[in-house]
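Structure first, commentary second.
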Ligand SMILES: N[C@@H](CCC(=O)N[C@@H](CS)C(=O)NCC(=O)O)C(=O)O
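Numbering (the working numbering), first residue to last: 180 to 388.
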């Protein structure tokens with residue numbers, strides 16, 4: 180199995196954490212986004228949408244979305260379960276994962292990609308170039324602050340985001356909270372539940388890979 184990774188980007192970190200949690204043996208190819216390697220013809224042949232992560236299976240199948248990679252890993256390597264075991268666990272984890280992606284990760288991307296000088300003309304991922312829209316950067320920042328408040332509310336009296344154990348929803352939330360630092364948003368003192376939850380997870384080896 181070949182994992183196409185980039186250590187500076189949040190999306191491949193999500194898949195990297197799952198691979199580590201499930202102890203899946205794999206080779207790694209690093210794609211340097213800062214050098215634009217995702218736009219090369221060679222990488223386009225792997226991932227036509229020019230994004231990382233991608234996972235090439237031993238039978239040649241290529242998965243280019245975190246959702247697909249997580250579904251495959253859960254099915255092929257069920258232990259430890261990261262997408263839930265019971266019907267309601269599966270529903271809750273998928274539910275919170277979708278919310279954190281939309282309200283957290285996409286909001287951070289909106290703020291960063293529409294403001295960073297390094298992403299001028301690259302406001303969206305993919306083969307096409309899109310101009311930055313400064314108003315979207317402003318809106319993104321507002322949305323990220325709202326996301327931190329919502330996550331803090333969800334974590335009131337809870338050790339994990341979706342169910343009573345570590346799951347893919349926590350993975351996505353950790354990646355979002357950590358990556359928000361790049362747009363200078365960190366948990367504030369009143370986000371005491373987010374701070375406690377992140378501190379409790381700090382010793383998890385998969386979160387340091
Ligand atoms: N839907 C994809 C999104 C992946 C994505 O947006 N990856 C970013 C890095 S975090 C990327 O490849 N960016 C390439 C670029 O900026 O051109 C997933 O979550 O799997």
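Note that beta-carbon positions come from the ideal geometry of N, C-alpha and C, so glycine has one too.
Bear in mind that the values here come from a model prediction, so they are computed numbers and not experimental data.
Which of the three DSSP states, helix, strand or coil, is assigned to residue 308? coil
Under the three-state reduction of DSSP, which class applies to residue 209: helix, strand or coil? strand
Taking the alpha carbon of residue 181 as the point to measure from, which residue in 340, 203, 305, 332 has its own alpha carbon closest? For the set 340, 203, 305, 332, the Cα lying nearest the Cα of residue 181 is the one of 203.
Residue 323: which of 335, 190, 288, 271 sits nearest, CA to CA? 288
Give me the Cα-Cα distance between residue 299 and residue 313, rounded to the nearest whole angstrom. 11 Å
Just verifying my parser: in three-state terms, what is the DSSP assignment at residue 354? helix
Compute the Euclidean distance between the alpha carbons of residue 357 and residue 308, then round it to the nearest angstrom. 27 Å
Do the stretch 371-385 and the stretch 277-288 meet, that is, are 3 or more Cβ pairs less than 8 Å apart? Touching, no.
According to DSSP, simplified to helix, strand and coil, what is residue 426? For the chain, the structure presents residues 180 to 388; residue 426 sits outside this window and is missing.
Taking contact to mean at least 3 C-beta pairs separated by less than 8 Å, is the stretch 260-277 in contact with the stretch 211-229? Between the stretch 260-277 and the stretch 211-229, the count of Cβ pairs shorter than 8 Å is below three; the stretches do not touch.
DSSP three-state call for residue 337: helix, strand or coil? Reduced to three states, the DSSP call for residue 337 is coil.
Under 8 Å: do the stretch 248-265 and the stretch 324-331 share three or more Cβ pairs, one atom per stretch? no
When you compare the CB of residue 190 with every CB in chain D, is at least one pair closer than 8 Å? In summary, chain D is missing from the structure at hand, where a single protein chain is found.
Candidates 327, 292, 326: which alpha carbon is nearest residue 310's? Distances from the CA of residue 310 to each of 327, 292, 326 were compared; the closest alpha carbon is that of 292.
For the candidate residues 361, 197, 209, whose alpha-carbon lies nearest to that of residue 319? Of the candidates 361, 197, 209, 361 places its Cα closest to the Cα of residue 319.
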